[in-house]
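Visitor:
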């Protein structure tokens, strides 16, 4: 025997001993007793596992979500491929150039082995470990609308990254450290741009600014002059200086008065098709009522329970006149009420709880007189109740009394006097609470106050309690879960549930973050004092400034998109036709 041209002792069984890596030649000669010999040869290879080299390992702390590696190796044969492993997720085939993307923050480990032409792999993978600290993200939570009437603006941000230590705010005056909720003051008719950036413990800053740069202008001039506003469940109606009437919001039941239910919801005011000189507008649940300068009353929209008052049920697409001469009207959830020219109160629509004040619980598809000999100067429709201000300054309420909104206990099928410390000058009915402005400028509320809408300690009361406002109220509005007023200086105050954005300002979040806590103390919106009118709906509010500009905020189809979210704006949005 010969191995690689060297003699080798052999017998029937051949022990080749320790062979080196590489190609080998074995020659064996067989001889018979007669001395005849035959030689056989064979070649074979002893193959070793390939060696693997890896380059491109990130050093230290990386701020990149990607990594690139170059693989090389050596083998006595031919390297035909590579196998790779990332964070213990399982081996996969890879090439000599590896690009990893979309890596999250934290420690990562990448390993690779070469594969040779006989399928052997490196028994000791080449590995790389590194830590990624990605720049933090900045999430914009609250910002002013592009046009705002307020010289004070709030910008609030947060970050999903736990190691964020602070935020920076960059404006025309420079870059400074700022809190998550920052307040900015801009002069009337001026503009401002602020970029907020999250910074983490390693000093890394969010490189993206497109989504965290806020620009706004403090608007002062009136393109369209508005004089009054009413906000309902999902739509609103307002009067302009020329006494034309405009509505916007949801229109599935024709409540916008454009003579078609085919018009989809719109946040752009549309003129009511019955051109006239209007004096009063009332936006309800899904219907609308309004009074012309002639005293005629017109209603339209959803009429399931007779809330349009025409005597029929269904949907009234076009404004339809009701008999009589009228001077005020209100509308809310499936019922409407009005005061005629003789100061008599009438109601119509849904009545299971006595909200019509007719002394029964039957629905009425035409106006039915409120069962009392009282003469009235104002009437307010709530969610399931009604309140009125009598000509002698007394307040009476009737209807559903689930939370004490009528005062006393139990539903009231006829007007129930509300015990107030002095005469009232205005009354407002909300979702399940009621409020009155008294002759001394104070405000008292009763009913549900779980969200702070009574302006004091949360809870329901069946008797009036002082609204937590010490000034002189001039205009009063009650919404679904909020209350707003304008004081004698023209400043706007609101309290209640902030989640819908109907308060018009951003309260400080609790230490644990969202959700926001109820606002139980009436809080001024900005430092401005130039508000003329305020209206509160189910989840939205609208106000008119002294300049005649109209602004809305909150939640519902009547709101334009804010920060990309349609039907929601917790900041003031200017409404223009």
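Numbering (my numbering), first residue to last: 15 to 591. All C-beta atoms in this analysis are idealised placements derived from N, C-alpha and C, irrespective of residue type, glycine included.
Whole angstroms is fine: what's the gap from residue 109's alpha carbon to residue 97's?
Guide: Roughly 8 angstroms between the two C-alpha positions.
Visitor: Tell me whether the beta-carbon of residue 403 lies closer than 8 angstroms to the beta-carbon of residue 359.
Guide: Not a contact, by the Cβ cut-off of 8 angstroms.
Visitor: If you measure from the CB of residue 86, is any heavy atom of the ligand FMN nearer than 7 angstroms?
Guide: By its list of ligands, the structure shown contains no ligand whatsoever, and the ligand FMN lies outside what it can speak to.
Visitor: Using alpha carbons as the reference points, say which of 233, 89, 392 and 64 lies closest to residue 564.
Guide: Considering only alpha carbons, the answer is 233.
Visitor: Within this structure, are the beta carbons of residue 185 and residue 199 separated by less than 8 angstroms?
Guide: No, the Cβ-Cβ distance between residue 185 and residue 199 is not below 8 angstroms.
Visitor: By the 10 Å Cβ neighbour count, where 16 or more other Cβ atoms means buried, how is residue 525 classified, buried or exposed?
Guide: Residue confidence is low: residue 525 scores 49 on pLDDT, short of 50, so the model does not pin down where it sits. Its coordinate-derived value is still stated next. By the neighbour-count rule (16 or more Cβ atoms within 10 Å), residue 525 is not buried but exposed.
Visitor: Quick one: measure Cβ to Cβ for residue 220 and residue 151, integer angstroms, because I've assumed they're closer than 8 angstroms.
Guide: Right, their Cβ atoms sit about 6 angstroms apart.
Visitor: Roughly how many angstroms lie between the CA atoms of residue 329 and residue 440, to the nearest whole one?
Guide: Looking at the two C-alpha atoms, the distance is approximately 32 angstroms.
Visitor: Compare the Cα-Cα distances from residue 211 to each of 195, 201, 204 and 365 and report the closest residue.
Guide: Of 195, 201, 204 and 365, the residue nearest in Cα terms is 195.
Visitor: Considering Cα atoms alone, identify which of 370, 498 and 557 is closest to residue 586.
Guide: Of 370, 498 and 557, the residue nearest in Cα terms is 557.
Visitor: Is DSSP giving residue 33 helix, strand or coil here?
Guide: Residue state, collapsed to three classes: coil.
Visitor: From this set, 85, 101 and 80, which residue's C-alpha is nearest residue 94's C-alpha?
Guide: Here the closest residue by C-alpha is 85.
Visitor: Can you tell me the Cα-Cα spacing of residue 240 and residue 258, whole angstroms?
Guide: Spanning the two alpha carbons is a distance of roughly 10 angstroms.
Visitor: The beta strand (DSSP E) that contains residue 589, what's its start and end?
Guide: Here residue 589 belongs to no beta strand (DSSP E), and DSSP marks it neither H nor E.
Visitor: According to DSSP, simplified to helix, strand and coil, what is residue 176?
Guide: It is coil, neither helix nor strand.
Visitor: Should the segment 404-411 be regarded as contacting the segment 342-354, the criterion being three or more beta carbon pairs within less than 8 angstroms?
Guide: The segment 404-411 is not in contact with the segment 342-354.
Visitor: According to DSSP, what are the bridge partners of residue 481?
Guide: Partner(s): none; residue 481 has no beta bridge.
Visitor: So the beta strand (DSSP E) residue 244 belongs to, where does it begin and stop?
Guide: Per DSSP, residue 244 belongs to the beta strand (DSSP E) from 240-245.
Visitor: Taking residue 317 as part of the beta strand (DSSP E), name the residues at either end of that continuous run.
Guide: Looking at the DSSP string, the run of the beta strand (DSSP E) that includes residue 317 is 311-317.
Visitor: Any chance the segment 213-232 sits against the segment 253-273, with 3 or more Cβ pairs inside 8 angstroms?
Guide: Output reads no: the segment 253-273 does not touch the segment 213-232.
Visitor: Three or more C-beta pairs under 8 angstroms: does that hold for the segment 128-145 against the segment 44-56?
Guide: Contact between the segment 128-145 and the segment 44-56 is absent, because fewer than three Cβ pairs lie under 8 angstroms.
Visitor: At what residues does the beta strand (DSSP E) containing residue 68 begin and finish?
Guide: Segment 65-69, the beta strand (DSSP E) holding residue 68.
Visitor: Mind pulling the beta strand (DSSP E) runs of 3 or more residues that sit fully within the segment 75-122?
Guide: Counting whole runs of 3 or more residues, the segment 75-122 contains the beta strand (DSSP E) stretches 81-88, 93-100, 106-108 and 111-114.
Visitor: Under 8 angstroms, do residue 509 and residue 533 count as touching if we go by C-beta distance?
Guide: In contact: residue 509 and residue 533 (Cβ atoms closer than 8 angstroms).
Visitor: Which stretch, first to last residue, makes up the beta strand (DSSP E) that contains residue 381?
Guide: First-last of the beta strand (DSSP E) with residue 381: 378-383.
Visitor: Tell me the rounded alpha-carbon separation between residue 304 and residue 294.
Guide: Taking the straight line from one Cα to the other gives about 5 angstroms.
Visitor: Just how far apart, CA to CA, sit residue 255 and residue 462?
Guide: Approximately 36 angstroms, taken between the alpha carbons.
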